[in-house]
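Peer 1: Please read through the structure below; I'll follow up with questions.
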Amino acid sequence: MLDLKLEDIDGILVRYNVALEKEMTPDEAAEELYPKDEQIYPIAKAIYEGEEDDVIDGLKAAIDAGKDPIALINEALMTGMGVVSKLYDDGIIFLPNVMMSADAMLDGIEFCKTQTTEVPEPRGKIVCHVAEGDVHDIGKNIVAALLRASGYEVVDLGRDCPVDEVIEAVEKEKPLMVTGTALMTTTMYAFKEINDKLLEKGIKLPFACGGGAVNQDFVSQYDLGVYGEEASDAVKIANFIVGGGDDIEKLREEFHKH
Amino acid sequence: MVKKYTSMAYAKADDMLFGNCKFPVKAGLGLEIGAGYATPELNYAPRPQAGKSKEKLVKEYERITTDAMARMVQIGAPSVVLETEHVEQMSNNPEWGGAVAHAQKTIMEEYHDEYGIKCALRHTIGDIREDRDYLQLRGDKYSVFMEAFEQCAQNGADLLSVESMGGKEVFDYSILRNDTAGILFGIGVLGSMDMEMIWSDIADVAKKNGVVAAGDTDCAQANTAMFIAGGLLDKNLAHTTAIVARSIAAGRSLCAYEAGATGPGKDCGYENTIIKSISGVPISQEGKTSTCAHSDVMGNLTMQCCDLWSNESVEYHGEFGGTTVQCWVETLAYDCSMMNTSLKLGKAKDLRDILTLSDKYRDPQGYVLAYDNAYRVGQAIVKDGEDNYLRAKNAAIECCNIVGEGVASGKLKLTRFETNALAKVKADLEGLTDDSDKFMSDCLTKYKEEVAVFRTENYGL
Ligand code: B12
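As given, the protein sequences belong to chains A and U, one line each in that order.
Residue numbering for the first sequence follows our numbering, starting at 1 and increasing by one per position.
Residue numbering for the second sequence follows our numbering, starting at 259 and increasing by one per position.
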């Protein structure tokens with residue numbers, strides 16, 4: 001077969017990802033971010049490495065040394081996850097690492113709960129769903145995992161979720177926001193229905209919408225809609241609400257980029 | 259019975275070409291696919307409101323069909339395939355699918371009679387075998403699923419296809435966790451088992467009705483990996499991991515042809531060049547002409563050995579140049595005209611190589627799917643062709659080797675992240691057993707525990 005000469009390739013395509021790669025390795029970057037505390041460090045590191053057994057071992061050691069199991073959730077588990085989230089946001093590590101870390105962190109939280117009768121305080125509750133008629137749920141799974149990894153309690157209604165189920169869940173759970181994912185132009189209209197039914201009941205809360213088919217123009221058409229492009233935007237929207245309130249206009253100003 | 263491939267259809271990679279295959283397929287109205295010319299394959303989706311009733315849907319597809327056929331005649335295109343990918347209502351209510359097929363075919367017959375344009379109609383049934391939370395591959399929905407094929411075949415569809423989903427529940431879990439064994443198990447083992455079952459049945463329906471059992475695609479898994487991997491700057495999945503999943507998918511999609519399908523394979527099966535090298539069946543492909551549906555990093559390369567050239571899907575509505583189906587089928591037809599001219603001039607191999615090389619070094623995915631390398635993955639598959647697990651594992655290992663050689667040549671550049679992901683996959687693969695029974699029982703134990711929605715009865719296990 002014909003072939004290109006090595007020196008000819010650059011004129012045909014540019015591997016921007018290779019050209020722009022960060023100098024530091026992920027492990028080095030993580031090392032700079034871990035907390036220095038002797039008991040906390042190994043737990044944070046085990047979270048980064050996604051090693052749930054090491055997380056539990058680290059927690060046991062810390063509890064034996066006198067640390068409070070509930071405090072460890074924030075000081076060690078969430079801090080470790082914070083390292084992971086930052087590295088993901090900075091483009092240094094990739095999603096599968098985040099997913100594995102999140103699994104390890106959740107195991108850690110479960111373990112801490114067994115060590116005490118106190119109930120940990122989540123950062124807030126969020127209801128997630130995939131639009132009625134739509135089975136594309138990978139994006140929603142990523143959204144749910146990233147939210148959990150950031151300390152939110154997620155009520156996951158799954159895929160192909162009827163409009164009324166979303167309304168019921170919102171009434172029952174009183175979340176700080178709802179997320180919707182739709183990958184088909186035929187299913188995303190369910191978001192409008194959800195919006196209307198919530199307003200009818202006098203419920204006003206941010207409804208973060210995303211997924212392949214959804215775009216900012218569409219989401220702007222209904223009052224509660226806030227559009228997010230990336231799964232990590234769901235976390236940023238939640239954080240914004242926790243920190244700055246749930247004014248939809250402000251959220252749109254911040255997150256509507258197009 | 260399924261007969262597994264243990265040898266290659268082509269003696270060497272260089273024998274593979276667009277518009278030509280070892281086993282051309284006659285279909286529809288005067289068309290022969292892979293018999294020396296490339297043909298456009300147009301795919302479209304109805305507007306959302308059109309799905310409200312059977313009548314509205316039939317009307318929408320009549321408009322689509324008439325628009326497309328009219329444009330083909332207006333620009334003098336000699337042949338065309340129309341592909342109707344079912345919206346859910348058409349497969350869940352098989353008589354809807356049948357009614358649409360009938361309406362479309364009636365229009366195509368008119369055009370064929372009047373102008374002699376060669377044409378065929380593909381219907382791609384939706385894989386409706388699931389309920390809200392679980393796959394239900396063998397449950398109640400199976401008979402509706404088969405009835406959908408039957409109705410389409412009886413009412414005018416010439417080519418039967420599906421994008422089936424076997425193994426997806428384990429795959430979805432594994433791909434987000436870099437779990438190589440799970441990817442291999444989901445696609446290569448579970449996916450292959452389901453393919454063998456459904457394609458034996460689809461081939462029977464096709465035979466009974468005198469139509470073509472065309473083929474499948476690993477859209478549900480390998481394309482999911484490709485989409486999660488995304489463009490050069492996305493950071494959700496290493497492109498090296500995505501191409502390993504794709505190589506595994508070749509063994510899985512091949513099962514259709516082992517169970518009685520004859521091609522043309524489905525457009526979005528980016529694994530199709532590998533499959534063609536093994537089976538010699540005609541294939542449909544998409545690339546730069548499917549930017550209306552999604553982006554990829556190998557828009558020209560995919561044309562290298564295609565027999566049908568597709569746009570994946572476009573929603574029906576107006577554009578400045580006509581309706582979308584008219585604009586896109588016209589683009590496809592001019593691409594085919596270029597391929598067919600090169601065939602007549604004896605320049606086809608040059609054109610093929612130009613198409614391949616324009617993307618070969620853009621990304622590891624294109625590198626492995628370049629026809630010379632795709633052929634090698636094919637060889638790895640047939641080496642243990644009788645065993646779905648071993649051949650999938652071979653394909654994955656060969657894929658890693660090919661990428662490694664590309665890097666060594668200096669022409670394929672990887673990020674450190676891609677390099678590390680590749681090294682991990684390779685080490686994982688090398689650590690796996692050569693005993694398929696052991697792999698099966700290990701995986702059953704592991705994934706029954708880890709994947710809440712995994713139900714072994716879906717695979718008769
Ligand atoms: C994989 C896939 C499938 C898999 C799904 C597997 C699964 N478990 O999800 C399977 C095979 C099951 C499938 C089935 C079908 N599919 Co499909 N599928 C795809 C494909 C190839 C990739 C989708 C994907 O997973 N992307 C990766 C994920 C990670 O992306 P994502 O969900 O968008 O999420 C990202 C962001 O959007 C964001 N995000 C997501 N949600 C949210 C929420 C918030 C709040 C925020 C902030 C962010 C956010 O986060 C993620 C990461 O950043 C697309 C192609 C495409 N162009 O998208 C077609 C596609 C979506 N499918 C399509 C179709 C038509 C179908 C079928 C009808 C086919 C058929 N005839 O059977 C069926 C649908 C059945 C049904 N009723 O739903 C069409 C839809 C066309 C349309 N009408 O709009 C597409 C576009 C393909 C096409 N071009 O024709 N499909």
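Idealized CB from N, CA, C, for every residue including glycine.
Could you give the uninterrupted runs of the beta strand (DSSP E) lying entirely in the stretch 411-495 of chain U, keeping only those of 3 residues or more?
Peer 2: 417-420 and 470-473
Peer 1: The stretch 176-210 of chain A: which residues have C-beta closer than 8 Å to a C-beta of chain U, in chain order?
Peer 2: Residues passing the 8 Å Cβ filter: T185, T186 and Y189.
Peer 1: Could you tell me if E249 (chain A) is buried or exposed, where buried requires 16 or more neighbouring beta carbons within 10 angstroms of its beta carbon?
Peer 2: exposed
Peer 1: For the stretch 211-235 of chain A, which residues have a CB atom closer than 8 Å to at least one CB atom of chain U, in sequence order?
Peer 2: Flagged: no residues at all.
Peer 1: Would the stretch 176-186 of chain A count as touching the stretch 224-244 of chain A if we require 3 or more Cβ pairs under 8 Å?
Peer 2: yes
Peer 1: In angstroms, rounded to a whole number, what distance separates the CA positions of A296 (chain U) and C377 (chain U)?
Peer 2: 12 Å
Peer 1: If you drop the 5 nearest sequence neighbours on each side, which residues of the same chain put their C-beta closer than 8 Å to that of I12 (chain A)?
Peer 2: The residues are L4.
Peer 1: With contact counted as at least three CB pairs below 8 Å, one residue from each stretch, are the stretch 317-326 of chain U and the stretch 353-370 of chain U in contact?
Peer 2: yes
Peer 1: Using a Cβ-Cβ cut-off of less than 9 Å, give me the residues of the stretch 672-688 of chain U that come near chain A, in sequence order.
Peer 2: L672, T673, R674, F675, E676, N678 and A679
Peer 1: Using a C-beta to C-beta distance shorter than 7 Å, which residues of chain C count as neighbours of R15 (chain A)?
Peer 2: Among the chains of the structure shown, chain C does not appear; the protein chains present are A and U.
Peer 1: Exposed or buried, R380 (chain U), counting other C-beta atoms within 10 Å across all chains shown (16 or more means buried)?
Peer 2: buried
Peer 1: On a CA-only basis, which of U:G356, U:F407, U:N413 and U:K426 is nearest P388 (chain U)? Give me that one, please.
Peer 2: The sequence shown places Glu at residue 388 (chain U), rather than the Pro named in the question. Closest option to E388 (chain U), Cα to Cα, is U:K426.
Peer 1: Residues in the same chain with beta-carbon distance under 8 Å from V14 (chain A), minus the five sequence neighbours each way, listed in chain order, please.
Peer 2: none
Peer 1: With a threshold of 16 other CB atoms inside 10 Å of the CB of Y629 (chain U), please say whether the residue is buried or exposed.
Peer 2: buried
Peer 1: Do the stretch 608-619 of chain U and the stretch 538-558 of chain U make contact, defined as three or more Cβ pairs closer than 8 Å?
Peer 2: yes
Peer 1: Mind checking if M1 (chain A) is an interface residue toward chain U, Cβ cutoff 7 Å exclusive?
Peer 2: yes
Peer 1: Would you mind telling me which residues of chain A sit closer than 8 Å to E388 (chain U), beta carbon to beta carbon, in chain order?
Peer 2: V135
Peer 1: Give, in chain order, every residue of the stretch 306-328 of chain U whose Cβ lies closer than 7 Å to some Cβ of chain A.
Peer 2: Cβ proximity to chain A below 7 Å picks out P306 and G309 from the stretch 306-328 of chain U.
Peer 1: Just verifying my parser: in three-state terms, what is the DSSP assignment at S537 (chain U)?
Peer 2: helix
Peer 1: Report the residue from U:N598, U:G509 and U:V626 whose alpha carbon sits nearest the alpha carbon of F721 (chain U).
Peer 2: Beyond the ends of chain U as shown, which are 259 and 719, falls residue 721 (chain U); an answer cannot be given.
Peer 1: Could you please give me the residues that DSSP links to G576 (chain U) through a beta bridge?
Peer 2: U:T581
Peer 1: Against M99 (chain A), what residues of chain U qualify as contacts under a CB-to-CB distance less than 7 Å, listed in chain order?
Peer 2: L434 and R435
Peer 1: Using 8 Å as the Cβ pair cut-off and three pairs as the minimum, do the stretch 501-518 of chain U and the stretch 447-456 of chain U touch?
Peer 2: yes
Peer 1: Going straight from the alpha carbon of G527 (chain U) to that of V420 (chain U), what length do you get?
Peer 2: 11 Å
Peer 1: Just to make sure I have the definition right: I need the residues of chain A whose C-beta is within less than 7 Å of the C-beta of T482 (chain U). Which are they?
Peer 2: I138
Peer 1: Just to confirm, does I138 (chain A) get its C-beta within under 6 Å of one of the non-hydrogen atoms of the ligand B12?
Peer 2: Between the ligand B12 and the CB of I138 (chain A), the shortest heavy atom gap is smaller than 6 Å.
Peer 1: Given this structure, state the Cα-to-Cα distance separating Q347 (chain U) from W354 (chain U), to the nearest angstrom.
Peer 2: 7 Å
Peer 1: If you follow the beta strand (DSSP E) that S265 (chain U) is in, where does it begin and where does it stop?
Peer 2: That residue, S265 (chain U), is in no beta strand (DSSP E); it is neither H nor E in DSSP.
Peer 1: Please work out which residues of its chain come closer than 8 Å, Cβ to Cβ, to R435 (chain U), disregarding the five sequence neighbours upstream and downstream, and give them in chain order.
Peer 2: Correct list: empty, nothing qualifies.
Peer 1: On the premise that E644 (chain U) lies in contact with K262 (chain U), defined as a C-beta separation below 8 Å, what is that separation, rounded to the nearest angstrom?
Peer 2: That pair is a contact at about 5 Å.
Peer 1: Any C-beta of chain U sitting closer than 7 Å to the C-beta of F240 (chain A)?
Peer 2: Taking a beta-carbon distance threshold of 7 Å, F240 (chain A) does not count as an interface residue toward chain U.
Peer 1: Is the CB-CB distance between N351 (chain U) and Q412 (chain U) below 7 Å?
Peer 2: no
Peer 1: Counting C-beta neighbours from all protein chains within 10 Å, is the total for E32 (chain A) 16 or more, i.e. buried, or is it exposed?
Peer 2: exposed
Peer 1: Less than 7 Å separating the beta-carbons of V170 (chain A) and G108 (chain A)?
Peer 2: no
Peer 1: Using only the heavy atoms of the ligand B12, determine whether one of them is closer than 6 Å to the beta carbon of T549 (chain U).
Peer 2: No, the Cβ of T549 (chain U) stays beyond 6 Å of every heavy atom of the ligand B12.
Peer 1: What does I12 (chain A) reach in chain U if we use C-beta pairs closer than 7 Å?
Peer 2: Under the 7 Å cutoff, chain U gives S616.
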